[in-house]
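Novice:
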Amino acid sequence: MRLWRCTVFVAALLPFLWWAWQVAAGQAGPEPGQYLLLNFGQCALILLLLTLSLTPLMKLTRWKGFALIRRQLGLWTFSYGVLHLTSYLLFILGLDFSALGADLQRRPYIIVGFAALVMLLALAVTSNRYSMKRLGKRWKFLHRLVYIALALVLLHFFWVVRADMGQWSAYALAGVVLMLLRIPVISRALGRIRPRHGRVASTHRSR
Ligand code: HEM
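Quick note on numbering: our numbering labels position 192 of the sequence shown as 434, and the sequence is numbered without any gaps.
1) In the structure shown, what three-state DSSP assignment does Val442 receive?
2) On the criterion of 16 or more Cβ atoms from any shown chain inside 10 Å, does Met361 qualify as buried, or is it exposed?
3) Tell me which same chain residues have a C-beta within less than 7 Å of the C-beta of Leu346, skipping the five on either side of it?
4) Could you give the DSSP three-state label for Met407: helix, strand or coil?
5) Rounded to the nearest angstrom, how far is the Cβ of Leu291 from that of Tyr413, given a contact under 8 Å?
6) Leaving out five residues on either side along the sequence, give the residues of the same chain with a beta carbon under 8 Å from the beta carbon of Pro350.
7) For ligand 1, I want to know if His398 counts as a neighbour, meaning its beta carbon is within less than 7 Å of at least one of the ligand's heavy atoms.
8) Which value, in whole angstroms, describes the spacing of the CA atoms of Ala309 and Thr293?
9) Return the CA-CA distance between Tyr277 and Gly271, expressed in angstroms with no decimal places.
10) Roughly how far, in whole angstroms, is the beta-carbon of Ser329 from the beta-carbon of Gly268, given that I think they are within contact range, below 8 Å?
11) From this set, Ala364, Lys375, Gly408, Phe251, which residue's C-alpha is nearest Val388's C-alpha?
12) Among Asn370, Gln314, Arg304, Met374, which has the Cα closest to the Cα of Leu289?
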């Protein structure tokens, strides 16, 4: 399981290293700042969807390994979100905070992205065992914020693209499917589906 956790760690770190390398090597196009901003944003969204897919996957396969990396992937989601924000502040705003007000008026979707990031921050800081114990039942309630965060990120992205909706639609569809899998009736049905090899194993045993 340690190897599994390390593999996930390296896999999540690789995109960052690759894009940083591309920028350092001058392979990131005419606007490396924009290149980093967009890639970090997309990566954060993909990681968010992956994090949300772990519980249904665990129910379906009954493999506990998916649960073991849930917190790690959640923290990576937040980290790429922070990298995305940092790219915006550094390369788009040029750390000129006096221009922030005008930019927010021109691109209100930034406020939506910011709200999503604040929610991801709340989830990241309370994702440890100590907070789980302290918050008790409220912990679960608080962590439902992840669904609102996903909706906000999709809205944020929708606002950015508008013209070419292909990619956005794919992410939105994935988000909708993951939400549907959370509906108690569907979630319970998912838990009852036995993985194929489980069926084979039980058939062998009964013979
Ligand atoms: C303070 C928070 C945030 C700021 C300031 C911000 C800023 C931006 C900006 C300026 C763009 C548009 C770039 C352009 O087309 O010119 C963008 C796009 C995007 N952002 Fe954010 N964002 C924030 C939060 C987030 C979060 C939390 C996520 C995901 C978890 C996210 C995901 C995306 C995605 C997927 C895109 C579209 C990328 C593409 O078109 O390929 N953003 N963001």
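Idealized CB from N, CA, C, for every residue including glycine.
Every value quoted in this text rests on a predicted model; they were computed, and no experiment measured them.
Specialist: By the coordinates alone:
1) Low local confidence applies: a pLDDT of 43 at Val442 is under 50, so the model's placement there is unreliable, with the coordinate-based value given in what follows. Here Val442 carries a helix assignment [DSSP, helix/strand/coil].
2) Buried.
3) For Leu346, the CB contacts under 7 Å within the same chain, skipping 5 residues up- and downstream, are Ile352, Ile353 in chain order.
4) If DSSP states are grouped into helix, strand and coil, Met407 belongs with coil.
5) Yes, they are in contact, since the Cβ atoms of Leu291 and Tyr413 sit about 7 Å apart, within 8 Å.
6) Here the set comprises Trp401.
7) Answer for His398: yes, Cβ within range of ligand 1.
8) Using only the alpha carbons, I get a separation of about 10 Å.
9) For Tyr277 and Gly271, the gap between their C-alpha atoms comes out near 7 Å.
10) About 17 Å separates the two Cβ atoms, so there is no contact after all.
11) Measuring from the Cα of Val388, the nearest candidate turns out to be Ala364.
12) Residue Gln314 is the option with its Cα nearest to Leu289.
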